[in-house]
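Q: My questions will all concern the structure given below.
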Amino acid sequence: MTLGIEVNQLGQRYGSFSALHNISFKLEGGKIYGLLGRNGSGKTSLLSIIASYRQQSDGEITIDGETPFENARIMEQVCFIQESGHMPDTLYVRDVLKLSASCWPNWDANYADRLIRHYELPIKKRISTLSRGMKSALGVTIGLASRAPVTIFDEAYLGMDAPSRYTFYEELLNDYMETPRTFILSTHLIEEVGNLFEEVLILDKGRLIMHEETDTLRARGSSITGPSESVDRFAEGLTVLGEQKLGKTKSVTVFGELTDVKRKQALAAGLELGPVSLQDLFVHLTKKRGDE
108 MTLGIEVNQL GQRYGSFSAL HNISFKLEGG KIYGLLGRNG SGKTSLLSII ASYRQQSDGE
168 ITIDGETPFE NARIMEQVCF IQESGHMPDT LYVRDVLKLS ASCWPNWDAN YADRLIRHYE
228 LPIKKRISTL SRGMKSALGV TIGLASRAPV TIFDEAYLGM DAPSRYTFYE ELLNDYMETP
288 RTFILSTHLI EEVGNLFEEV LILDKGRLIM HEETDTLRAR GSSITGPSES VDRFAEGLTV
348 LGEQKLGKTK SVTVFGELTD VKRKQALAAG LELGPVSLQD LFVHLTKKRG DE
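Using my numbering, you'd call the opening residue of the sequence shown number 108 and step up by one each time.
Given below as C-alpha cells:
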C-alpha cells in the first residue's frame, strides 16, 4: 500500500514567526525522498504537519486524498520517528514496542524481533537508561517494523555509530525493495545517505527552493577547473555557486546543465569538467552571505 502526499501553499506560524512560507509539492507513493535544509529551515515543522503532530496555519495538505490532522485512518498509516524520540523515559523498551505494535496496523512483529536482536536492544531496560545510540536503534526499529505506508525519519539515526548507520541504510533499502512504501528522510548526513534518495526537496528559511529527481539535480551541477582566466571566460553567463583558487588554478561550481557545445568548448580550452556531489550542491544552494 502506497499513499501520495499533496501540499498546497502550506504555511506555519509560531506567534509572529513564520517557519514555513507558501510551500507546494506533490509526492507520489512508493519512493524514497530526501528532505534537506540547514538548521532552522523548517524541516521538522513540515514533517510534523505531514505526521498530524500539528495543524498548519495556512494552506492545505492531503494524504491519500484526505486531510491528515485528527484523521484516525490516515494517522495510523504514518510513522514519524524523530531523533528526540518522544518516548517517556519511565517506560521499558518492551512496553514501547508493545505500544508501537498497537499504533500501526501493519506492524511486523517478526521483523521487529529480528531488528531487536541485530541491534542488541535491552528490552528489559527503561528508556532513561539507554545510551543515545540505543535510543536511535530503538527508533529505527520502530520505524522499519511499523511498515507504515508513509514512514518518516527526522535525523532519527544520528546517535548511531557509523557501522550501525550504514547497516540501517542497507536495511531500509532492502525493506523498501521487499515492501514498497513512501520513506521521507530528513538528514544532515547527505554524503552517507544521498544515494538512497529518488527525489530531493530542499528547504531554505522556510521556503521550498528545490524539488527534483536526484539524478536530475546532480546533472545540473558541474565543477570546472583550469587556468583562472580560462575558467572565468567559460563561466561567463553561468550561475556560479562557489569558487576556489590556488595560485593560477581556479575551480568553480556552476548550477545549470551544460550543453554539448559548452562541454566541447571546455575541452578545447583545456578545462576539466567534473561532477558535483549532492552535498556540495546543497551547501552552495543554501549558503548564507558571509559563509566560507
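Yeah, the Cβ is synthetic: ideal placement off N, Cα and C, and Gly gets one too.
Given a cut-off of 8 Å on the beta-carbon distance, is the pair glutamine 116 and glycine 149 in contact?
A: As a position in the sequence shown, residue 116 is number 9, starting the count at 1. As a position in the sequence shown, residue 149 is number 42, starting the count at 1. Going by C-beta atoms, glutamine 116 is not nearer than 8 Å to glycine 149.
Q: So who's on the other strand from valine 338, going by DSSP bridges?
A: Here residue 338 corresponds to residue number 231 of the sequence shown, with the count starting at 1. Beta-bridge pairing links valine 338 to no other residue.
Q: Taking only the alpha-carbon atoms, compute the straight-line gap between arginine 396 and valine 300 and give it to the nearest angstrom.
A: Taking the sequence shown and counting its residues from 1, one reaches residue 396 at position 289. Taking the sequence shown and counting its residues from 1, one reaches residue 300 at position 193. Because the pLDDT of arginine 396 is 45, which lies under 50, any placement of that residue in the model is unreliable, and the number read from its coordinates should be weighed accordingly. Their Cα atoms are separated by approximately 27 Å.
Q: Does DSSP put aspartate 268 in a helix, in a strand, or in coil?
A: If you number the sequence shown from 1, residue 268 lands on position 161. The answer is coil: DSSP assigns aspartate 268 none of H, G, I, E or B.
Q: So, for leucine 345: in the same chain, excluding its five sequence neighbours on each side, which residues have a beta-carbon less than 7 Å away from its beta-carbon?
A: Start at 1 with the first residue of the sequence shown, and residue 345 comes out as number 238. So the qualifying residues of the chain are Val361 and Gly363.
Q: Using C-beta distances below 6 Å, list every residue in its chain close to lysine 231, excluding the 5 sequence neighbours before and after it, in chain order.
A: Mapped onto the sequence shown, residue 231 falls at position 124. Nothing meets the Cβ criterion.
Q: Which of the three DSSP states, helix, strand or coil, is assigned to histidine 193?
A: Within the sequence shown, numbered from 1, the residue matching residue 193 stands at position 86. In the structure shown, histidine 193 sits in coil (DSSP, three-state: anything other than H, G, I, E or B).
Q: Between the C-alpha atoms of methionine 182 and glycine 313, what's the straight-line distance to the nearest angstrom?
A: As a first step, residue 182 must be located in the sequence shown, where it is residue number 75. As a first step, residue 313 must be located in the sequence shown, where it is residue number 206. Using only the alpha carbons, I get a separation of about 24 Å.
Q: Distance, Cα to Cα, tyrosine 283 vs glycine 333?
A: As a position in the sequence shown, residue 283 is number 176, starting the count at 1. As a position in the sequence shown, residue 333 is number 226, starting the count at 1. Roughly 43 Å separates the two Cα atoms.
Q: Can you tell me whether lysine 352 is buried or exposed, with buried defined as 16 or more other CB within 10 angstroms of its CB?
A: Residue numbering aside, residue 352 sits at position 245 when the sequence shown is read from its first letter. Flag for lysine 352 reads exposed.
Q: DSSP three-state label for lysine 231, please.
A: Your numbering for residue 231 matches position 124 in the sequence shown. It is coil, neither helix nor strand.
Q: Any Cβ of chain C within less than 8 Å of the Cβ of threonine 360?
A: Of the chains in the structure shown, none is chain C; there is only one protein chain.
Q: From arginine 327 to leucine 348, what does the alpha carbon distance come to, in whole angstroms?
A: Within the sequence shown, residue 327 is the residue found at index 220, counting from 1. Within the sequence shown, residue 348 is the residue found at index 241, counting from 1. Distance between the alpha carbons of arginine 327 and leucine 348: 12 Å.
Q: Considering only the alpha carbon of each residue, which of Leu279, Asp339 and Leu365 lies closest to lysine 355?
A: Sequence index remark: in the sequence shown, residue 355 carries index 248 (1-based). Residue Asp339 is the option with its Cα nearest to lysine 355.
Q: How many whole angstroms separate the CB atoms of glutamate 305 and lysine 138, which I take to be in contact at a CB cut-off of 8 Å?
A: Residue numbering aside, residue 305 sits at position 198 when the sequence shown is read from its first letter. Residue numbering aside, residue 138 sits at position 31 when the sequence shown is read from its first letter. Right, their Cβ atoms sit about 5 Å apart.
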